[in-house]
Amino acid sequence: MNAMGNETERAELGRATWKFLHTMMARYPEKPSKEERKSLHDFMMLFSTLYPCGECANHFNKLITTYPPQTSSRLSASQWLCAMHNKVNERLKKPIFDCNNIESKYPCGCANTENDSSISA
Ligand code: FAD
78 MNAMGNETER
88 AELGRATWKF
98 LHTMMARYPE
108 KPSKEERKSL
118 HDFMMLFSTL
128 YPCGECANHF
138 NKLITTYPPQ
148 TSSRLSASQW
158 LCAMHNKVNE
168 RLKKPIFDCN
178 NIESKYPCGC
188 ANTENDSSIS
198 A
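What follows is the structure, given as structure tokens:
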């Protein structure tokens, strides 16, 4: 069995992970290349099999198999993740989050360049 036993730790891991994922989407390119689109798609699918809470991973993998990652732009990716997080919220009986202007809710403290998701020296 791969499920985590401690609820506090599971919640902490969840909060940190959602923050990372939403921030990643808020910095995803406005106009991604074909490679960047494939990277995001593959990243999310792999993430959903490797997330350390086994029960969560199992549900999330099923969810994003039904609603595949939207990778065509920053807006579509960030709205897609917000909707997926809301699906998880719904299942856990948590409040539904307002997805309007979601990108501005997840600043990363990084330089504000166009090609901001690429690696630079
Ligand atoms: P969280 O849901 O962690 O959200 C953190 C903050 O993000 C909120 O306070 C709010 O400011 C903001 N937020 C809320 N909703 C959205 C949204 N839709 N878009 C953007 N921002 C939002 N826990 C389980 O018990 N069972 C599971 O099956 C499970 N599956 C999970 C799957 C994944 C992929 C992840 C990352 C976590 C999962 N968790 C699961 C953990 C769970 O989702 C919460 O992270 C945890 O319960 C803590 O909840 P929270 O109320 O602090 O807010």
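Under our numbering, the residues of the sequence shown are numbered 78 to 198, in order.
Just so you know, even glycine gets a beta-carbon here, dropped at the ideal spot from N, CA and C.
#1: Near residue 170, which residues of its chain fall below 7 Å by C-beta distance, leaving aside the five closest residues on each side in sequence?
#2: Quick check: what's the CA-CA separation for residue 149 versus residue 162?
#3: Do residue 130 and residue 87 have their beta-carbon atoms positioned less than 9 Å apart in this structure?
#4: The ligand FAD and residue 108: does the residue's C-beta get closer than 8 Å to at least one heavy atom of that ligand?
#5: Using a 10 Å radius around the Cβ and a threshold of 16 neighbouring Cβ atoms, would you call residue 192 buried or exposed?
#6: Using 8 Å as the cut-off, classify the Cβ of residue 125 as near or not near the heavy atoms of the ligand FAD, replying yes or no.
#7: Roughly how many angstroms separate the alpha carbons of residue 111 and residue 172, rounded to a whole number?
#8: Mapping DSSP to helix, strand and coil, what is residue 169?
#9: From residue 116 to residue 134, what distance separates their C-alpha atoms?
#10: Heavy atom of the ligand FAD less than 8 Å from the Cβ of residue 86, yes or no?
#11: Any idea what DSSP makes of residue 175, helix, strand or coil?
#12: Residue 131 by DSSP, collapsed to three states: which one?
Concretely, from the data shown:
#1: none
#2: 19 Å
#3: yes
#4: no
#5: Interpretation of residue 192 is limited by its pLDDT of 47, a score under 50 that renders its predicted location unreliable; the figure taken from the coordinates is listed afterwards. Per the 10 Å Cβ criterion, exposed.
#6: yes
#7: 35 Å
#8: coil
#9: 19 Å
#10: no
#11: coil
#12: helix
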